[in-house]
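Accompanying notes for the structure given below.
Below, the structure written as structure tokens:
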């Protein structure tokens, strides 16, 4: 794939690396290589397989197929400790330091050999920490407690650890996500210095500007496959976006029949400082599927939590059918006709230790059991109806939630909220981690619900899903609803709005 | 829990934890009946096998039994209440003072005592739900607080006695063949069983125990439900205080000292998971019975009488029984863990 003069052997090569999680194919044969002294950017939508690729490189996951070659050595059983020995270091978005220990102690813990009876040479430890901090250009005291440091300072400590460990391959996973532009500049200087000292850097970011400022080459992942590696000099912003999303929306999505309805839910200047939701204005109509797109952390789940009373709004108005409401708790939101199918179904959507029927009736206790007296027959019957209607594959209504596959858990979570007969249904990543078959079934169910007059808000990081299902598409970025696009928009427009291409040129 | 999936359902229900515990209880009882009963020189039956002794066991286990009933919903929500024994002491003193010094009639004093119990539980509930403090710490605090209050009221010296015989009837007489407090205990058992197993409230205790976040996301009123289990525990502790006072005929500040630990042991021995969610009132009842029979039965064994060490040996065996039960319950989970974490080849 590379042209030009013969290159020295790469620091790291992945050949046809593949990884499945249950039925989900996270990586389907990815080729990737990293040269000494280059910054190689890794780009892709949420769920394209970047994290999985990183975890394979750092030894956290074993690939199901394919080959990892580090410094000419083909490795079959790469473990995190072996990766460390081979000089692979990873710097995560959230630094993993011990907050109550000092900088020198944290560095010492990473670099000094372990041994319970070993004496600690405190002055040597301090001196070494000081040297490393100076090398990465960090103006920090080795004696400072890590909890007193800012996020970028902590990242510098992590980088110092990587340098101290003699890392030849450094993975940086969205390192600038929480940095100001000045902190970002300082980080870039450090990265460039690492590069000139011959370290290979794998740099993951959603911000295209950074990739153009910093990277030498860029590999784009899509649906677990590499769609190409390019020299950054030879590609444009638009070209990259096209690579990221460049596929046809498949025709499997059921067609919309929405023609207009009364406004069911309206938001006026809704703010929630605690969760970063900022001046959101929005109106959703009965029968409409309103897709909510954006990058992870753009504030979509946070907005859903505000609506559902989990983190109540501090300012602005929320109206249901023209009537102002202020849900202060999920219980209150449910009573107002709101339903929220949460993103993390194993923690919030389904109680894994309880059977399906109890999970389904959990949100309708007051209606199904008006005297608080359980009527197990009625419960069972209701559960059986939902199991049939939503085609939940299970041993019966008494099967535990934890015994179901992801897609069937999602159906149970959905059933719980349909049982409340809501006016507004908020779905958060309804098909994340769900196999293909269950995915199209869930899409069909969502479409039917909208047809029956529900107002649906569908949060999704799956761009084809957003494009295929939505009647309108709202795009969020940094807690704000930055654009509302028609349902027939193309992937390029949505991705550009999510990345903030138009509005933020030259702002950083 | 112990049964595998592919066994027929009758076998599965037979192999459940409660049945095993019942078997242990029966065996325990038969052993004590066999070795602990004898005939004295006059030809009378003495020891474990006498009806009087059996009623004695019942009488002595009602207060701890009530506390164990109170703790079952608490532990189902993955909470704990260490203060019930101290609250029992405080309520006994409050009752004695209201009747003796306050000049109130017995029914009014008893009713007010139940209110004080509810307030004690309410204090726990408020601290746990409003301030989101861990139940262990909150009730460790009120454990000392309630006992301290009881001692302050009596200045560590006063003991209220001379209760009217109408009240003592509650703790010392039989009614329709059984000791009076056994009827009360039975009534409370039925009520708590209904609450835990037949109402949406009991259902939500389990959900909260398994997953407090999941309960919140499902729109369940988590704070209100958690509050109610602690308030209920307070009321039941007050009821136990009344029975305790009636049984001994006196109210003193050290009433119920250490009872909370026996009660927790009984609940856990009864199969209720200390991590919340799992458990039953039937199990608690069997747990209470197993401990009570063990404690009293040992005191009838000739060898124990010769050693004069009934307390020590019963403590030893209760602890051993609890550890065996916990280990037995944990084995399936442990095997599953081993299977899941088998090193990859």
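Chains as they are written, first to last, in the numbering used here: chain L, 3 to 510; chain Y, 342 to 686. Ideal placement from N, C-alpha and C gives every residue a C-beta, glycine not left out. What you are looking at is a predicted structure, and each value in this text was computed from that prediction instead of being measured.
Would you verify that the beta carbon of residue 388 of chain L is, or is not, closer than 8 Å to some beta carbon of chain Y? no
Near residue 534 of chain Y, what residues of its chain come up, given a Cβ to Cβ distance below 8 Å and the 5 sequence neighbours on each side ignored? 622, 623
Assuming residue 401 of chain L and residue 358 of chain L form a contact by the criterion Cβ under 8 Å, report the distance between their Cβ atoms to the nearest whole angstrom. 6 Å
Which same chain residues, not among the five before or five after residue 597 of chain Y, have their C-beta less than 6 Å away from its C-beta? 426, 429, 430
For the structure I just gave you, are there three or more beta carbon pairs, one from the segment 462-478 of chain Y and one from the segment 525-534 of chain Y, closer than 8 Å? Flag = no, the segment 462-478 of chain Y and the segment 525-534 of chain Y do not touch.
For my contact list, residue 160 of chain L and residue 93 of chain L are in at a C-beta cut-off of 8 Å; report their separation, rounded to the angstrom. 5 Å
By Cβ distance, which residues of its chain are closer than 6 Å to residue 315 of chain L, with the 5 residues on each side in sequence left out? 272, 274, 308
In its own chain, which residues sit with a C-beta less than 7 Å from the C-beta of residue 563 of chain Y, not counting the 5 before and 5 after it? 549, 553, 556, 557
Between the alpha carbons of residue 536 of chain Y and residue 410 of chain Y, how many angstroms are there, rounded? 11 Å
How many Å lie between residue 356 of chain L and residue 403 of chain L at the Cα? 6 Å
Residue 293 of chain L and residue 460 of chain L - do their beta-carbons sit closer together than 8 Å? yes
Chain Y within 8 Å of residue 209 of chain L, Cβ atoms only: no
How far does the beta strand (DSSP E) with residue 175 of chain L in it reach, from first residue to last? 171-175
Suppose the cutoff is 8 Å on Cβ atoms and the five residues either side in sequence are ignored; what does the same chain contact list for residue 280 of chain L look like? 273, 301, 480, 481, 482
Alpha carbon to alpha carbon, what distance is there between residue 539 of chain Y and residue 363 of chain L? In a straight line, the C-alpha of residue 363 of chain L is about 15 Å away from that of residue 539 of chain Y.
Helix, strand or coil for residue 274 of chain L, going by three-state DSSP, please let me know. It is a strand residue.
For residue 198 of chain L, tell me which candidate among L:138, L:54, L:429 has the shortest Cα-Cα distance. L:138
Whole angstroms is fine: what's the gap from residue 310 of chain L's alpha carbon to residue 345 of chain L's? 13 Å
Alpha carbon to alpha carbon, what distance is there between residue 594 of chain Y and residue 582 of chain Y? Answer to the nearest angstrom: the Cα atoms are 11 Å apart.
Taking the alpha-carbon positions, what's the residue 286 of chain L to residue 456 of chain Y distance? Between residue 286 of chain L and residue 456 of chain Y, the C-alpha separation is close to 50 Å.
Are there 16 or more other CB atoms within 10 angstroms of the CB of residue 123 of chain L, so buried, or fewer, so exposed? exposed
Whole-angstrom Cβ separation of residue 149 of chain L and residue 97 of chain L, contact assumed at under 8 Å? 11 Å between Cβ atoms; not a contact.
Please report the straight-line C-alpha distance between residue 500 of chain L and residue 467 of chain L, rounded to a whole angstrom. 15 Å
Contact between the segment 37-52 of chain L and the segment 77-86 of chain L is defined here as three or more beta-carbon pairs at a separation below 8 Å; is this criterion met? Flag = no, the segment 37-52 of chain L and the segment 77-86 of chain L do not touch.
Would the beta-carbon of residue 637 of chain Y fall within 8 Å of that of residue 401 of chain Y? Contact check for residue 637 of chain Y against residue 401 of chain Y passes: the beta carbons are separated by less than 8 Å.
Alpha carbon of residue 19 of chain L to alpha carbon of residue 140 of chain L, nearest angstrom: 37 Å
In chain order, what residues of the same chain have a beta carbon less than 7 Å from the beta carbon of residue 434 of chain Y, not counting five sequence neighbours either side? 491, 494, 495, 592, 594
Is residue 311 of chain L near the ligand SAH, in the sense that its beta carbon is under 7 Å from a heavy atom of that ligand? Judged by which ligands are present, the structure shown has none, so any question about the ligand SAH falls away.
Please tell me whether residue 401 of chain L has its Cβ less than 8 Å away from any Cβ of chain Y. no
Pop quiz: residue 173 of chain L and residue 204 of chain L are said to be a contact at Cβ under 8 Å. What is the actual Cβ separation, rounded to whole angstroms? 5 Å
For chain L, check one thing: does any of its Cβ atoms lie closer than 8 Å to the Cβ of residue 552 of chain Y? yes
Measuring CA to CA, which of L:50, L:303, L:38, L:126 is closest to residue 218 of chain L? L:38
Could you tell me the boundaries of the beta strand (DSSP E) in which residue 258 of chain L lies? In the DSSP assignment, residue 258 of chain L falls outside any beta strand (DSSP E) and carries neither an H nor an E.
Taking Cβ-Cβ distances shorter than 7 Å, what residues in chain Y pair up with residue 376 of chain L? Chain Y residues near residue 376 of chain L: 539, 540, 541, 544.
At the 8 Å Cβ level, is residue 358 of chain Y part of the contact set with chain L, yes or no? no
Quick test of your reading: residue 340 of chain L and residue 206 of chain L, contact by CB under 8 Å. State the CB separation rounded to the nearest angstrom. In fact, because the Cβ distance is near 36 Å, the residues do not count as touching under 8 Å.
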